[in-house]
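Numbering (our numbering), first residue to last: 5 to 110.
Structure, as structure tokens:
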């Protein structure tokens, strides 16, 4: 039973740390929305998009921990990254240059 409690305590600490980072992102960007995506053995990716168009992401060790973190942070969560949600992302010269570099082998 002690092992289960230790795992639960670790998971809860991870949820709290992720929620704190999500909340800080939202505060810095005038609010935020997110999307949780399973990325295989590595866990889940939390994509965040701020009201100002800024974006970022976090990786959680599991989809369940990611979902708990976004719920604890109180942000709106989308099922997929498309449509109106994706249109909120503001990209700058760096992103366009980086995307072009990938296309031409850079």
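Beta carbons: idealized from backbone N, C-alpha and C, even for Gly.
Legend entry - Secondary structure of residue 16, DSSP reduced to three states: helix
Inset, instruction - Check whether the segment 89-104 touches the segment 56-70, counting contact only when three or more Cβ pairs, one atom from each stretch, lie closer than 8 Å. - result: Judged by Cβ distances under 8 Å, the segment 89-104 makes contact with the segment 56-70, as three or more pairs qualify.
Inset, instruction - From the DSSP output, in three-state form, read off residue 96 for me. - result: In the structure shown, residue 96 sits in coil (DSSP, three-state: anything other than H, G, I, E or B).
Legend entry - Stretch pair the segment 29-43 + the segment 66-77: three plus CB contacts closer than 8 Å: The segment 29-43 is in contact with the segment 66-77.
Inset, instruction - Using only the heavy atoms of the ligand NAP, determine whether one of them is closer than 7 Å to the beta carbon of residue 25. - result: This structure lacks the ligand NAP, and indeed carries no ligand of any kind.
Legend entry - Span of the beta strand (DSSP E), counted from its first residue to its last, around residue 54: 48-54
Inset, instruction - Can you have a look at residue 38 and say buried or exposed, based on whether 16 or more other CB atoms are within 10 angstroms of its CB? - result: buried
Inset, instruction - Using three-state DSSP, classify residue 38 as helix, strand or coil. - result: strand
Inset, instruction - With distances taken Cα to Cα, identify the nearest neighbour of residue 62 among 12, 16, 24. - result: 24
Inset, instruction - Give the DSSP-derived three-state secondary structure of residue 60 in the structure shown. - result: strand
Inset, instruction - Report yes if the CB atom of residue 52 is closer than 8 Å to the CB atom of residue 29, and no otherwise. - result: The answer is yes: Cβ separation under 8 Å.
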